[in-house]
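In mature numbering (1 follows the signal peptide of the UniProt record, and there is no 0), the protein residues as written are -19 to -1, 1 to 157.
This is how it looks when you write it as structure tokens:
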């Protein structure tokens, strides 16, 4: 019954959002809009709001809590766990969860992955949570060794050179 209600809710919401988006696009430049379908799904909005509440929490290798600090995968795991999704505590392992998404299709709530400290490496070593997509600019929140939980942008040189991919795990949230 819950899945049926969720399906109906998403279908109706999507229809209403499409109707609102069409009129907004004809009246304004769509690159200026920060509202997306995923912003309208309450659980995604709640997830991002919850993550933002932990801005400035300190970095700690292996950390999994606001009190003791977070590493990158500990932070994403902590946030998703709040909404009933258990992610592995490793950025590389989180890189196998959900569905791979092209950078052009990135949405708030998606996980974004990077190489570790070496841009020449070939393994995932860092993860963040996408909070905004405006045009081709992707903003994400993550726990970084040099600043704790903070925002960064994919277009920053450091992250562009280390970008590995994006995974959509929102479908796991919708299944709950």
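C-beta atoms are modelled at their ideal positions from N, C-alpha and C, and glycine is treated no differently.
The way I'd put it, the region 32 to 41 doesn't touch the region 67 to 86; fewer than three beta-carbon pairs between them come closer than 8 Å.
Ranked by how close their Cα comes to the Cα of residue 59, the residues 110, 102, 84 and 141 have 110 in first place.
The beta carbon of residue 94 sits closer than 6 Å to the beta carbons of 76, 105, 108, 145 and 146 from its chain, once the five residues preceding and following it are set aside; these are given in chain order. Residues of the same chain with a CB within less than 6 Å of the CB of residue 102, apart from the 5 flanking positions on each side, are 96 in chain order. If you draw a straight line from the Cα of residue 134 to the Cα of residue 73, it is about 20 Å long. Counting C-beta pairs with one atom in each stretch, the region 46 to 62 and the region 136 to 145 have fewer than three that are closer than 8 Å, which means they do not touch.
For residue 82 and residue 149, the gap between their C-alpha atoms comes out near 6 Å.
Under DSSP, residue 140 shares a beta bridge with no residue. Per DSSP, reduced to three states, the secondary structure at residue 85 is helical.
For residue 55, the three-state secondary structure derived from DSSP is helix.
Around the beta carbon of residue 112, 16 or more other beta carbons sit within 10 angstroms, so the residue counts as buried. Using a Cβ distance threshold of 8 Å, residue 29 and residue 90 count as a contacting pair.
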